[in-house]
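Structure first, commentary second.
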Amino acid sequence: MGEREEDDKEAWLQLRPVEPLPSQCCGAGCSPCVFDLYQRDLARWEAARASKDRSLLGGKESQSCPSKLSPETFLAFRISAVDKLTKDTYRVRFALPRNSQLGLRPGQHLILRGIIDDLEIQRAYTPISPANAEGYFEVLIKCYQTGLMSRYVESWRAGDTAFWRGPFGGFFYKPNQYGELLMLAAGTGLAPMVPILHSITDNADDETFITLVGCFKTFEGIYLKAFLQEQARFWNVRIFFVLSQENSPEQLPWSYRDKTHFGRLAQDLIEELVGSCRRKPFALVCGSAEFTKDMARCLLSAGLAEDSYFVF
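All residue numbers for the sequence shown refer to the numbering used here, where the first residue is 213 and numbers rise by one.
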């Protein structure tokens, strides 16, 4: 093999796409996943190498300045505010240019890219701002003591830049599509429910009933209290709370006492909620893997078919 041929081989190897690390997959079943993009780019590279035509490698957009939100390309957004809601949970606002809209449908999510200790990680988060919000979007992020993405998020300050791609999600809400939505959320699983709530209560023609159950450890740990109290004033919205680490209603504000249960969200309460729905409910479930598994089992036992609920 000649020296020129060897150099040409090395040049092509340098252009070969780098296979993602497991940490670069958020695990949310997004399409396209980072591994889907890798396989696409690898096939493009192999075709270009076989034909010795580097022009076939074109078509990649800049990772910092694409023209619009894309599932394949990360777009830079400036952080305009960081609010600490609890000891480990933040509401972060990102600016959009020229009062534009993000373009997500209620319940869809984005993928955040972070780099910690030279390791790239990606995680899925659902914006909690209204789908029609202009000039900004907000996300709710819980940080964990040993989480790599948590270290990245906790370093954020107003004026910093973060990179997102999307949208993703298999649930698309349409006004009056269901008679009633039964929303079962644990912790930050509340996030995908919020824009759906917004879209219903902001639309005077949408007559969907909503029963939302938020599961938290303590009263102090309930996210977005003011928003949820405001939503509960609408004629078609009921909101309940389940607190796993409290057991005394006397310690709660009076306005919460009649809509708060203690312990865990279990079969008996699910059956009571389904039975009290004003119309046949379609259930939305979001939380930990253990929570979603338990809720799916309880909903089936309560008489809802598998096509009568969706797990985020």
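Quick reminder that beta carbons are idealized off the backbone N, C-alpha and C, glycines included.
Does glutamine 334 come out as helix, strand or coil in the three-state DSSP assignment? What you label residue 334 is simply residue 122 of the sequence shown in a count that begins at 1. The answer is strand: DSSP assigns glutamine 334 an E or B state.
To the nearest angstrom, how far is the alpha carbon of cysteine 245 from that of threonine 285? Here residue 245 refers to the residue found at position 33 of the sequence shown. Here residue 285 refers to the residue found at position 73 of the sequence shown. Rounded to the nearest angstrom, the two C-alpha atoms are 11 angstroms apart.
Threonine 400 in three-state terms, based on DSSP: For this step, residue 400 is matched to residue 188 along the sequence shown. Residue state, collapsed to three classes: helix.
If we define contact as Cβ-Cβ less than 8 angstroms, is glutamate 258 a contact residue for chain C? Note that chain C does not occur in the displayed structure, where there is just one protein chain.
Is the beta carbon of leucine 297 closer than 8 angstroms to that of glycine 378? On the sequence shown, position 166 is the one that residue 378 refers to. On the sequence shown, position 85 is the one that residue 297 refers to. Not in contact: glycine 378 and leucine 297 (Cβ atoms no closer than 8 angstroms).
Spell out a yes or no on whether the segment 452-459 and the segment 351-367 are touching, meaning 3 or more CB-CB pairs, one atom from each, closer than 8 angstroms. No: the two stretches stay apart, fewer than three of their Cβ pairs being nearer than 8 angstroms.
Counting Cβ pairs, one atom from each stretch, are 3 or more of them under 8 angstroms apart for the segment 410-421 and the segment 361-374? no
Mapping the DSSP letters down to three states, classify alanine 517 as helix, strand or coil. Stepping through the sequence shown from its first residue, residue 517 is reached at position 305. In this structure, alanine 517 counts as coil in the three-state DSSP scheme.
Which whole-angstrom value is the C-beta distance of leucine 455 and phenylalanine 421, which I expect to be below 8 angstroms? Here residue 455 is taken as the residue at index 243 of the sequence shown, counted from 1. Here residue 421 is taken as the residue at index 209 of the sequence shown, counted from 1. About 24 angstroms; that fails the 8 angstroms criterion.
Near methionine 395, what residues of its chain come up, given a Cβ to Cβ distance below 6 angstroms and the 5 sequence neighbours on each side ignored? The sequence position of residue 395 within the sequence shown is 183, counting from 1. Excluding residues within five positions, the ones whose Cβ falls inside 6 angstroms are Met405, Leu424, Leu496.
Between phenylalanine 380 and isoleucine 323, is the Cβ-Cβ spacing less than 8 angstroms? In the sequence shown, residue 380 corresponds to position 168, counting from 1. In the sequence shown, residue 323 corresponds to position 111, counting from 1. Yes, they are a contact pair.
Which residue's Cα is closest to the Cα of lysine 386: Ala403, Leu436, Glu419? Translated into the one-based positions of the sequence shown, residue 386 becomes position 174. Looking only at Ala403, Leu436, Glu419, the smallest Cα-Cα distance to lysine 386 is reached by Glu419.
Flag this pair as touching only if the segment 460-475 and the segment 505-519 have three or more C-beta atom pairs under 8 angstroms; answer yes or no. no
To the nearest angstrom, how far is the alpha carbon of alanine 501 from that of phenylalanine 522? The residue labelled residue 501 in the question sits at position 289 within the sequence shown. The residue labelled residue 522 in the question sits at position 310 within the sequence shown. Between alanine 501 and phenylalanine 522, the C-alpha separation is close to 14 angstroms.
Between the C-alpha atoms of glutamine 441 and lysine 299, what's the straight-line distance to the nearest angstrom? Position 229 of the sequence shown, counted from the start, is the residue given in the question as residue 441. Position 87 of the sequence shown, counted from the start, is the residue given in the question as residue 299. In a straight line, the C-alpha of glutamine 441 is about 21 angstroms away from that of lysine 299.
For serine 276, does the three-state DSSP call read helix, strand or coil? Within the sequence shown, the letter at position 64 stands for residue 276. Low local confidence applies: a pLDDT of 38 at serine 276 is under 50, so the model's placement there is unreliable, and no value is given.
Are the beta-carbon atoms of glutamate 346 and asparagine 311 separated by less than 8 angstroms? Working through the sequence shown from its first residue, we reach residue 346 at position 134. Working through the sequence shown from its first residue, we reach residue 311 at position 99. Yes, the pair counts as a contact, with Cβ atoms nearer than the cut-off.
Would you report the Cα separation of valine 486 and glutamate 366, rounded to the nearest angstrom? For the purposes of this step, residue 486 is identified with residue 274 of the sequence shown, where counting begins at 1. For the purposes of this step, residue 366 is identified with residue 154 of the sequence shown, where counting begins at 1. Those two C-alpha atoms are separated by around 39 angstroms.
Going by beta-carbon coordinates alone, are phenylalanine 446 and glycine 399 separated by less than 8 angstroms? Position 234 of the sequence shown, counting from 1, holds the residue named residue 446. Position 187 of the sequence shown, counting from 1, holds the residue named residue 399. Going by C-beta atoms, phenylalanine 446 is not nearer than 8 angstroms to glycine 399.
Taking the alpha carbon of glutamine 479 as the point to measure from, which residue in Gly401, Leu314, Leu402, Phe503 has its own alpha carbon closest? By 1-based counting over the sequence shown, the position of residue 479 is 267. Check the Cα spacing between glutamine 479 and each of Gly401, Leu314, Leu402, Phe503: the tightest is with Phe503.
I'd like the list of long-range same chain contacts for serine 276, defined as Cβ closer than 7 angstroms, with 5 residues on each side in sequence excluded. As a working note, residue 276 is residue 64 in the sequence shown. Bear in mind that a pLDDT of 38 at serine 276, under 50, signals an unreliable position, so the number given afterwards is only what the model happens to contain. Hits under 7 angstroms: Ala288.
Compute the Euclidean distance between the alpha carbons of phenylalanine 494 and isoleucine 340, then round it to the nearest angstrom. By 1-based counting over the sequence shown, the position of residue 494 is 282. By 1-based counting over the sequence shown, the position of residue 340 is 128. Roughly 21 angstroms separates the two Cα atoms.
Which word fits tryptophan 376, buried or exposed, when buried means at least 16 other C-beta atoms lie within 10 angstroms of its C-beta? Sequence index remark: in the sequence shown, residue 376 carries index 164 (1-based). Looking at its Cβ environment, which holds 16 or more other Cβ atoms inside 10 Å, tryptophan 376 is buried.
With a Cβ-Cβ cutoff of 8 angstroms, do arginine 317 and alanine 343 count as a contact? As a working mapping, residue 317 is identified with position 105 in the sequence shown. As a working mapping, residue 343 is identified with position 131 in the sequence shown. In contact: arginine 317 and alanine 343 (Cβ atoms closer than 8 angstroms).
For proline 339, does the three-state DSSP call read helix, strand or coil? Here residue 339 corresponds to residue number 127 of the sequence shown, with the count starting at 1. Proline 339 falls in the strand class under three-state DSSP.
Per DSSP, what are the beta-bridge partners of lysine 296 in this structure? Mapped onto the sequence shown, residue 296 falls at position 84. Bridge partners of lysine 296: Tyr302.
Which stretch, first to last residue, makes up the alpha helix (DSSP H) that contains threonine 413? Within the sequence shown, numbered from 1, the residue matching residue 413 stands at position 201. Residues 405-413.
Buried or exposed: where does glycine 515 fall if 16 or more other Cβ atoms within 10 Å of its Cβ makes it buried? Numbered from 1 along the sequence shown, position 303 holds the residue referred to as residue 515. By the neighbour-count rule (16 or more Cβ atoms within 10 Å), glycine 515 is not buried but exposed.
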